[in-house]
Amino acid sequence: MKIWALLLLIPLLSPVNYVLEVENNSVYGDACRYNIQGWIYVHIEGEPYDRGYQHGYLLYAEIADMIYRWSNVIHNAPFIPHALSADVNSSRYENLSAAFWNQCRRLAMNIFWGSYPEEYKQEVRGIADGAKARGVEIYGRPITYEDILAMNEMYELMSIMVNPQKSVHLLRDVVNALSNIFPSLSGSEEELASAFSFSHHCNGFAAVGDATKDGNIVISDTVWCGGWWYTYYIAQRWNIILDIEPSQGHRMLIATSPGLIWSDEDYYQTDEGLAMIETTFVQGVYKLSGMPLAIRARMAMQYGDTIDDVISYMLTENTGVMNAQWLIADAEAREIALLEFGLYASHVERTKNGFLWSANNPFDFRVRREVLGYEVIKAPIFRMAHLLLNATGYQYYTLFYT
């Protein structure tokens, strides 16, 4: 029986008069959802398009809400209030949100869509069609698969956008496009890029053997985020526990956001006994060709049988975007591993007795040198300052860890 519980009012996030009914508990075919203690559990299954359609149909309201949240983050950029005076209820506010989101959709299609395997293209299309069947519109038009793709790729897109390399200047393209509508924003790409402070403050660990009470695996991840583009009202929506039972590959539980085919924050667990979490580095060198992290992580969990499989999926066609430390656990083998990589360099540690940890900072010197560049020399300098001068505040630095 369907229980109609509450109204989700999106005008708090967008000036659009957009009201959707949200179902606390609902069933669609073999799929279902229910809300519990602030979380939304969603089970989907079957062929790629079918499970995507179930996803979109059951989470249509949350998906619409999330798109408006992402489109409105542009107003959080520090220079926007000075360059463009716009009240939250004004048409200028809404027009800027819509223009920014359209640019995100365009860039996501140009950069990522061509690298998506057909299986995941079908799943993305299914999500869009399921939400569309429930009447979802985005800025006056029906929701499309481009919206779903952009949501899935926002983290990777933002990582590229504020880290231009050679001829890749996505931020300049975005600001130029927005300036065509709002001339006062012209020439502000540097100010926008400088506002992107490193927002990752995550940590995680995996333990096994003598490091746990019964010798079995414990794996945990604490996620902290901030900054204007990943503000609290974005993180609020990472309250989906998505249970995916695909027609091929392993069943997965992932902590995620509505409309996503991967975790992105990241927490995964599979019926093969594998689990995976990560803490993200500052963005190092990257390339646009290759397979997006969203796809590599999803494939690693859906099709990986062992830690070796997961590592192979993560490194194959690696783009270097959203480089990170990944903690991987295999409950069947009672083994844990730490995988860290940039674009070219990678490093693996494994153990069946002990613990491994991560906190947004690469351990391996080759990975550190690639990701951090000249910042890599700070650790030994600060360590020596403490040892020679007894300088306070530097006692926690080591020769190889900043």
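Start counting the sequence shown at -17; every next residue gets the next number (the working numbering). Heads up, the beta-carbon is just placed ideally off N, CA and C, and yes, glycines get one too. As the structure is a prediction and not an experimental result, all values here were calculated from the model.
Contact between residue 38 and residue 112 holds, with the beta-carbon distance rounding to 3 Å and staying under 8 Å. Under the three-state reduction of DSSP output, residue 247 falls in the coil class, being neither helix nor strand. The alpha-carbon separation between residue 326 and residue 136 amounts to approximately 23 Å. In this structure, DSSP gives residue 125 a state outside helix and strand, which the three-state scheme calls coil. Separation of residue 337 and residue 191 (C-alpha to C-alpha, rounded to the nearest whole angstrom) is 9 Å. With contact defined as three or more Cβ pairs closer than 8 Å, the region 226 to 245 and the region 152 to 164 are not in contact.
If you look at residue 187, you'll find it in the beta strand (DSSP E) that goes 185 to 190. Under the three-state reduction of DSSP output, residue 347 falls in the helix class.
Taking a 10 Å sphere around the C-beta of residue 214, we find fewer than 16 other C-beta atoms and assign the residue as exposed. Comparing C-alpha distances from residue 8 to each of 40, 34, 29, 30 shows the shortest one belongs to 40. The three-state reading of DSSP puts residue 21 in strand, counting E and B together. Per DSSP, reduced to three states, the secondary structure at residue 336 is strand. Nearest to residue 183 by alpha-carbon distance, out of 205, 201, 200, 85, is 205.
In the three-state reduction of the DSSP assignment, residue 10 falls in the strand class.
Look at residue 323 here: in three-state DSSP terms it is strand. With a threshold of 16 other beta carbon atoms within 10 Å, residue 240 meets it and is buried.
Classified as buried, residue 300 has 16 or more neighbouring CB atoms from the shown chains inside 10 Å of its CB.
A residue is called buried once 16 or more other Cβ atoms fall within 10 Å of its Cβ, and residue 302 is buried on that count. In this structure, 257 is the residue among 76, 264, 257 with its C-alpha nearest to the C-alpha of residue 282. Rounded to whole angstroms, the Cβ separation of residue 185 and residue 261 is 6 Å, and the two are in contact under 8 Å.
A direct Cα-Cα distance of roughly 16 Å separates residue 263 from residue 296.
The beta carbon of residue 273 sits closer than 6 Å to those of 97, 299, all from its chain and outside the five residues before and after it, given in chain order. Sequence-distant Cβ neighbours of residue 313 in its own chain, meaning closer than 6 Å and more than five residues away, are 199, 255.
Residue 269 is classed as exposed because its beta carbon has fewer than 16 other beta carbons within 10 Å across all chains shown. Comparing alpha carbon positions, the residue from 226, 253, 227, 217 closest to residue 246 is 217. In the DSSP assignment, residue 36 falls within the alpha helix (DSSP H) that extends over 30 to 40.
In the three-state reduction of the DSSP assignment, residue 73 falls in the helix class, which pools H, G and I. Counting only runs of 3 or more residues that sit fully inside the region 254 to 301, the beta strand (DSSP E) segments are 256 to 262, in chain order. One thing to note: residue 16 has its Cβ no nearer than 7 Å to the Cβ of residue 36.
Around the beta-carbon of residue 196, fewer than 16 other beta-carbon atoms lie within 10 Å, marking it exposed. DSSP, read as helix, strand or coil, puts residue 218 in coil.
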